[in-house]
Every structure is written in structure tokens, then in C-alpha cells.
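Have a look at the structure below, then the notes.
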Amino acid sequence: MSIGINGKQSHTANQKKENGVLSYLHTLCCSSHGVFSLHLSHSGVAQETLASICSQTQNQEICESILESYPGTTSADLPALSLISINLTMKQGSSNLDTLTKFVDNSTEPALKESFRNCVNLYSSIMESLKAAYQLSKAGEYLKISQLGESMILVYKCENGLLVDSPTGGITADMIITCETSASVNQYIIGVVH
815 MSIGINGKQS HTANQKKENG VLSYLHTLCC SSHGVFSLHL SHSGVAQETL
865 ASICSQTQNQ EICESILESY PGTTSADLPA LSLISINLTM KQGSSNLDTL
915 TKFVDNSTEP ALKESFRNCV NLYSSIMESL KAAYQLSKAG EYLKISQLGE
965 SMILVYKCEN GLLVDSPTGG ITADMIITCE TSASVNQYII GVVH
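Given below as C-alpha cells:
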């Protein structure tokens, strides 16, 4: 609200500014056909937006760190951030899959070897799901992306099938927060679109 010459609040000036801002945002966000286009300024996703996205995860600080670990995040718009987050999740999943494969190869106890083999199969499914999520994100089909939550379930299923003192606790936690970060990015976009 602005203050007029006589010291009273000027609602008219404030309304004009608000209407101008709303008009500008409408121009940025909506095409003439009513299709939402998520383009932001050239400066990329604001730190406040990252904070808002990550506040919905178990650990906001780690979530922000994950997203900021990718150099393109600072210049990305929301659709690009979705792709970045899914790509980071695929990278973590691939790393976990490699580690679990090494555990299968190096394990001498049959039951443990079988547990790790089950995890390798689960992570293979996770990687396929993440590829599908990436394609949906690329197509702007954010409402159809369910693979991130499904992947978290498979990660838990892997970890729960291992011994209590399994050495995979750290990589499991990394995968879960990375999946959760990506899911939060996509949920944020859905909230903006709808």
C-alpha cells in the first residue's frame, strides 16, 4: 500500500501496481490458448522457491544442497528444475545400483548375496521408472509422474530385505532424500500449474 501526498494510503496506486504485476505474471504464465507455460525470468529459480520446494521434504537443507549441486540449477526454470531433479535421482540410483552389484559380486554368504541380488533387481526397476518419469517431465506431464513415490517404496523394500547391520544404510538414505527432493519439485510445479 502506498502513501499519498496528504499522508493517507493510496489504494488506487496500489491497485494499479497489483493489476500490472498480475497482468505481467499472466503474460509470463499463460498462452493465448490457456496452456500454462512455466517460464521464469532468465535468473532461474529463486532461492525462495527452492526453500519452498525443500520445506516439504524430511531435510530442507539436504534437499537444497542436492538441487544446488547441479550447476544449471541457478539458471533453470521450473520445467528444467524438474528434469534436473529427476536426473540427479537417476544419478544416485545408478550409483546405488553399481554399489549393490559390487556387493552381490563380493558377497560370500548365500542369503546375503540373494538379498543384494533382490536389491539389484529392485534398483533396475527403479531406474526404468525414473527414465519414464524423466520422459513425462520432458513432456510437461507432471500430474502423471508417480514413479518418484513408487521408487521410494522400492528403495525401502530393498533396505527392509537386508540384514539389520547392512552397509547400505547410507546409500539408502541418500536415495530416499533424492527421490523425495525430486517428488517435491514436481509437486511444487503441479501446485503452480493447478
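One rule links them: number in the numbering used here = place in the sequence shown (from 1) + 814.
For each residue, glycine too, the CB sits at the ideal point set by N, CA and C.
The alpha helix (DSSP H) enclosing residue i, as first and last residue numbers
{"i": "residue 965", "result": "961–974"}
{"i": "residue 997", "result": "983–1007"}
{"i": "residue 934", "result": "924–952"}
{"i": "residue 916", "result": "892–920"}
{"i": "residue 875", "result": "874–882"}
{"i": "residue 866", "result": "861–868"}
Spatial distance of residue i from residue j (CA atoms)
{"i": "residue 877", "j": "residue 886", "result": "16 Å"}
{"i": "residue 983", "j": "residue 999", "result": "24 Å"}
{"i": "residue 924", "j": "residue 918", "result": "10 Å"}
{"i": "residue 979", "j": "residue 1006", "result": "42 Å"}
{"i": "residue 988", "j": "residue 974", "result": "16 Å"}
{"i": "residue 955", "j": "residue 922", "result": "45 Å"}
{"i": "residue 928", "j": "residue 962", "result": "25 Å"}
{"i": "residue 1001", "j": "residue 864", "result": "12 Å"}
Residue environment, residue i, which counts as buried when at least 16 other CB atoms sit within 10 Å
{"i": "residue 907", "result": "buried"}
{"i": "residue 996", "result": "buried"}
{"i": "residue 861", "result": "exposed"}
{"i": "residue 867", "result": "buried"}
{"i": "residue 977", "result": "exposed"}
{"i": "residue 853", "result": "The predicted model places residue 853 with a pLDDT of 38, which falls under 50 and marks its position as unreliable, so this point remains unresolved."}
{"i": "residue 892", "result": "buried"}
Test item: CB-CB of residue i and residue j under 8 Å
{"i": "residue 897", "j": "residue 948", "result": "yes"}
{"i": "residue 937", "j": "residue 993", "result": "no"}
{"i": "residue 871", "j": "residue 959", "result": "no"}
{"i": "residue 969", "j": "residue 940", "result": "yes"}
{"i": "residue 915", "j": "residue 934", "result": "yes"}
{"i": "residue 910", "j": "residue 985", "result": "yes"}
{"i": "residue 900", "j": "residue 951", "result": "yes"}
{"i": "residue 879", "j": "residue 858", "result": "no"}
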